[in-house]
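Peer 1: Below is a structure I'd like to ask you about.
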Amino acid sequence: MSNIVTITTNPYEGQKPGTSGLRKKVKVFVQDNYTENFVQSILDANKDSIKGSTLVVGGDGRYLVKEVVDKIIKIAAGNGVGKLIVGQNGILSTPAVSHIIRKFKTLGGIVLTASHNPGGIDNDFGIKFNCSNGGPAPDHTTNEIYQLSTAIKQYKIVPDIQCNIDKIGLQKFKVEDREFIVEIIDSVKDYVDYMKEIFDFPKIKTLLQGSERRKPFNILIDSMNGVTGPYVKRIFIDELGAAGNNVRRIVPLEDFGGAHPDPNLTYAADLVNAVKGGDYDFGAAFDGDGDRNMIIGRDAFFVTPSDSLAVLANNLHHIPYFQKTGVKGFARSMPTAAAVDRVAAATGKEFFQVPTGWKYFGNLMDAGRLSLCGEESFGTGSDHVREKDGLWAALAWLSVLAATGLSVEEILTKHWQQFGRNYFTRYDYEECPSDPCNEMMQELEKRMTAPGFVGSRYSANGKEYKVSVADNFSYMDPVDQSVAMMQGLRIVFEDGSRIVMRLSGTGSSGATVRLYIDSYEASDVLGSAQEKLAPLISVALQISELQKYTGRDKPTVIT
79 MSNIVTITTN PYEGQKPGTS GLRKKVKVFV QDNYTENFVQ SILDANKDSI KGSTLVVGGD
139 GRYLVKEVVD KIIKIAAGNG VGKLIVGQNG ILSTPAVSHI IRKFKTLGGI VLTASHNPGG
199 IDNDFGIKFN CSNGGPAPDH TTNEIYQLST AIKQYKIVPD IQCNIDKIGL QKFKVEDREF
259 IVEIIDSVKD YVDYMKEIFD FPKIKTLLQG SERRKPFNIL IDSMNGVTGP YVKRIFIDEL
319 GAAGNNVRRI VPLEDFGGAH PDPNLTYAAD LVNAVKGGDY DFGAAFDGDG DRNMIIGRDA
379 FFVTPSDSLA VLANNLHHIP YFQKTGVKGF ARSMPTAAAV DRVAAATGKE FFQVPTGWKY
439 FGNLMDAGRL SLCGEESFGT GSDHVREKDG LWAALAWLSV LAATGLSVEE ILTKHWQQFG
499 RNYFTRYDYE ECPSDPCNEM MQELEKRMTA PGFVGSRYSA NGKEYKVSVA DNFSYMDPVD
559 QSVAMMQGLR IVFEDGSRIV MRLSGTGSSG ATVRLYIDSY EASDVLGSAQ EKLAPLISVA
619 LQISELQKYT GRDKPTVIT
């Protein structure tokens, strides 16, 4: 029998969850009681229902995951949790956590990830709480967790529990007068079984292996040494019959092999170059925890996340899941280009524009009003779970490719010819000094809201833009009427072109400034995005004085 021990502690400043959880450097999380405080605050925020409850625990395999899983097991035991469902070796992708929460109807889950941020002893770690619907905790819950963390005085723990998370099976412990159970599960099985229900695996397999009428469709799937590696092996090699050279970097590593596990043209350049230089029809990359995706076609033809969302919205009828459930509404985050809006209008589906953060989609899905949604930050997903889902997006694309017989580029060209094209780019300025960036945003908002800004004109490269709307985006949830304020500075011009600026909520240090530029063309759809957007980018830098405040001549990443 094990005893519960109460440990006296003191609060740490700054344990406020960002867009999706608490993210800091590893050296912050390893401070005495830092992690314990935050885990206890999560449990205290659920104190009315924590006794005897079941929670899911897993992470992306980065440095510190196993140690923190061990702490969570001990603290959960100390707080009366009845059972934990833990991924083997602490491994669970973020969408897999969401699915397992929903499948087994648990109270929620604790996800150990800093998503697309770098891993390793000198880099990032993160903890977030997902609720019983499988989605990230809403603002009122994360605010409560933060408030509890500012006043915490003690945490409860069972220090002598020794739980082997490497071996699948049930482990039972006697904690004072009750039983505490930890079930170690196959990290991959539940999720893969679900994908086989959603998609027509035999049809995708035929695409990849070829038929009498069609040559094999050659793919290259890159897990970037993140959590999706075991899932990719099970799905693409074991289930779909792909060869070993169709996948790369499928072993999860604590430091992601020294790579930045963010699937974009900069950090997934290895994949881009391999597809460009090889005989590949399709490429996909996923981030550290498996919720983001990048899709490219032959010769590394790049599909923007905004276009990916719109193409899938227009082709959901090819996917068995939606043939059964029907297609409800579509949604995107505010900074995401408006390509999917046009599909919603053409198909008569309800459409929503929400703040950045997947939690804002959850209410709409739970209310039966949303089937497909996405963010320009390489996040795409549907109501099959309550997280964005990188592997799901790749399988959705392969389903469309199998059904249409077209290439990736042909699908995009056909789509643009039907709907027009939203040219889009994002400039990221990472780890900038926080104070000047905050000042920049404040000064820009002052100028935007001053008399005369709406109606003012700006010009560059021979193009003139007239401001029609300028605001700090706010959102009222149509389901529960909750309000999210100050979600990004937005300047909309008379021709529909937009400039959006935000400070990211997913970084672990400093400030990451995101500048979003998009412009719609009805017929001139086959140009270069950077060339088409050059005048508007120049205007954005002029209005924001971004280079002055950040001290940067160019962004860290251009998407």
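According to this note's numbering, the sequence shown is numbered sequentially starting from 79.
Every residue, glycine too, gets a C-beta built ideally from N, C-alpha and C.
In this text the structure is predicted, and so the values were computed from the model without any measurement.
Taking the alpha carbon of Lys125 as the point to measure from, which residue in Ala600, Val104 and Ala154 has its own alpha carbon closest?
Peer 2: Working through the sequence shown from its first residue, we reach residue 125 at position 47. With distances taken between Cα atoms, Lys125 lies closest to Ala154.
Peer 1: If you check the beta carbons only, do Asp359 and Gly375 fall under 8 angstroms apart?
Peer 2: Against the sequence shown, residue 359 aligns to sequence position 281. Against the sequence shown, residue 375 aligns to sequence position 297. Yes, Cβ-Cβ distance for Asp359 and Gly375 is below 8 angstroms.
Peer 1: Less than 8 angstroms between the CB atoms is what I'm expecting for Ala215 and Lys437, so what's the real figure, rounded?
Peer 2: By one-based count along the sequence shown, residue 215 stands at place 137. By one-based count along the sequence shown, residue 437 stands at place 359. By a beta-carbon distance limit of 8 angstroms, Ala215 contacts Lys437. Their separation comes to about 7 angstroms.
Peer 1: How would you write the range of the alpha helix (DSSP H) that Ala474 sits in, first residue to last?
Peer 2: As a position in the sequence shown, residue 474 is number 396, starting the count at 1. From DSSP, the alpha helix (DSSP H) with Ala474 extends over Gly468 to Thr482.
Peer 1: Which residues in the same chain as Phe571 place their Cβ atom closer than 7 angstroms to its Cβ, once the five residues preceding and following it in sequence are excluded?
Peer 2: Numbered from 1 along the sequence shown, position 493 holds the residue referred to as residue 571. If we look at Phe571 and ignore the five residues flanking it on each side, its Cβ neighbours are Tyr543, Lys544, Val545 and Ser546.
Peer 1: How many Å lie between Thr219 and Leu226 at the Cα?
Peer 2: Residue mapping note: residue 219 aligns to position 141 of the sequence shown, counting from 1. Residue mapping note: residue 226 aligns to position 148 of the sequence shown, counting from 1. Near 11 angstroms, if we compare the C-alpha coordinates of Leu226 and Thr219.
Peer 1: Comparing C-alpha positions only, which one of Gly212, Asp340 and Val106 sits nearest to Ser193?
Peer 2: Here residue 193 corresponds to residue number 115 of the sequence shown, with the count starting at 1. Nearest option by C-alpha distance: Asp340.
Peer 1: Using 8 angstroms as the threshold, is the stretch 187 to 205 in touch with the stretch 122 to 139, meaning 3 or more CB pairs across them?
Peer 2: yes
Peer 1: Taking the straight line between their C-alpha atoms, what separation do you get for Glu454 and Asn111?
Peer 2: Your numbering for residue 454 matches position 376 in the sequence shown. Your numbering for residue 111 matches position 33 in the sequence shown. The alpha-carbon atoms of Glu454 and Asn111 are separated by roughly 36 angstroms.
Peer 1: Scan the stretch 118 to 194 and note each continuous alpha helix (DSSP H) run of 4 residues or more that stays entirely inside, going in chain order.
Peer 2: 143 to 156 and 172 to 181
Peer 1: For the stretch 295 to 312 against the stretch 345 to 364, do three or more pairs of beta-carbon atoms, one drawn from each stretch, fall closer than 8 angstroms, so that the two count as touching?
Peer 2: yes
Peer 1: For Asp506, which beta-bridge partners are listed by DSSP?
Peer 2: Counting from 1 along the sequence shown, the entry for residue 506 is found at position 428. Bridge partners of Asp506: Arg592 and Val635.
Peer 1: Residues bridged to Met372 by DSSP?
Peer 2: Taking the first residue of the sequence shown as 1, we reach residue 372 at position 294. Met372 is bridged to Ala363.
Peer 1: According to the neighbour-count rule (16 or more other Cβ atoms, all chains shown, within 10 Å of its Cβ), is Asp316 buried or exposed?
Peer 2: On the sequence shown, position 238 is the one that residue 316 refers to. Result: exposed.
Peer 1: Tell me the residue span of the beta strand (DSSP E) that contains Cys451.
Peer 2: Working through the sequence shown from its first residue, we reach residue 451 at position 373. Note, Cys451: beta strand (DSSP E), Leu450 to Glu453.
Peer 1: Hey, how far is the Cα of Asn195 from the Cα of Ser485?
Peer 2: On the sequence shown, position 117 is the one that residue 195 refers to. On the sequence shown, position 407 is the one that residue 485 refers to. Roughly 32 angstroms separates the two Cα atoms.
Peer 1: Would you kindly report the start and end of the unbroken beta strand (DSSP E) that includes Arg576?
Peer 2: The residue given as residue 576 occupies position 498 in the sequence shown. Looking at the DSSP string, the run of the beta strand (DSSP E) that includes Arg576 is Arg576 to Leu581.
Peer 1: Which of helix, strand or coil does DSSP assign to Tyr345?
Peer 2: Taking the first residue of the sequence shown as position 1, residue 345 is located at position 267. Tyr345 falls in the coil class under three-state DSSP.
Peer 1: Would a C-beta distance cut-off of 8 angstroms place Leu604 and Val591 closer than the cut-off?
Peer 2: The residue you call residue 604 lines up with position 526 of the sequence shown. The residue you call residue 591 lines up with position 513 of the sequence shown. In this structure, Val591 does not lie closer than 8 angstroms to Leu604 by Cβ.
Peer 1: DSSP three-state label for Asp644, please.
Peer 2: Residue 644 lies beyond the residue range present for the chain, which begins at 79 and ends at 637; the question has no answer from this structure.
Peer 1: With 16 as the cutoff for other CB atoms within 10 Å, does Ile199 come out buried or exposed?
Peer 2: As a first step, residue 199 must be located in the sequence shown, where it is residue number 121. Counting Cβ neighbours within 10 Å, Ile199 comes out exposed, since fewer than 16 surround it.
Peer 1: Would the stretch 387 to 407 count as touching the stretch 470 to 484 if we require 3 or more Cβ pairs under 8 angstroms?
Peer 2: yes
Peer 1: Buried or exposed: which applies to Met563, given that a residue is buried once 16 or more other Cβ atoms fall within 10 Å of its Cβ?
Peer 2: The residue given as residue 563 occupies position 485 in the sequence shown. Exposed: under 16 other Cβ atoms inside 10 Å.
Peer 1: Using a Cβ-Cβ cut-off of 7 angstroms (strictly less than) and excluding sequence neighbours within five positions of Lys161, which residues of its own chain qualify?
Peer 2: Sequence index remark: in the sequence shown, residue 161 carries index 83 (1-based). Here the set comprises Thr132, Ile259 and Glu261.
Peer 1: Figure out for me which residue from Phe380, Phe551, Tyr345 and Ile243 has the closest Cα to the Cα of Ser411.
Peer 2: Position 333 of the sequence shown, counted from the start, is the residue given in the question as residue 411. Answer by Cα proximity: Phe551.
Peer 1: When the distance is taken between beta carbons, is Ala388 closer than 8 angstroms to His493?
Peer 2: Taking the sequence shown and counting its residues from 1, one reaches residue 493 at position 415. Taking the sequence shown and counting its residues from 1, one reaches residue 388 at position 310. Between His493 and Ala388, the CB-CB gap stays under 8 angstroms.
Peer 1: Distance, Cα to Cα, Met443 vs Asp461?
Peer 2: For the purposes of this step, residue 443 is identified with residue 365 of the sequence shown, where counting begins at 1. For the purposes of this step, residue 461 is identified with residue 383 of the sequence shown, where counting begins at 1. Rounded to the nearest angstrom, the two C-alpha atoms are 6 angstroms apart.
Peer 1: In angstroms with no decimal places, state the Cα-to-Cα distance between Gly96 and Lys102.
Peer 2: For the purposes of this step, residue 96 is taken as residue 18 along the sequence shown, with counting starting at 1. For the purposes of this step, residue 102 is taken as residue 24 along the sequence shown, with counting starting at 1. Our two residues, Gly96 and Lys102, have alpha carbons roughly 10 angstroms apart in a direct line.
Peer 1: Given this structure, state the Cα-to-Cα distance separating Gln93 from Arg535, to the nearest angstrom.
Peer 2: The residue labelled residue 93 in the question sits at position 15 within the sequence shown. The residue labelled residue 535 in the question sits at position 457 within the sequence shown. So the alpha carbons of these two residues sit roughly 43 angstroms apart.
Peer 1: Tell me the DSSP secondary structure of Lys245 in three-state form.
Peer 2: Counting from 1 along the sequence shown, the entry for residue 245 is found at position 167. Coil.
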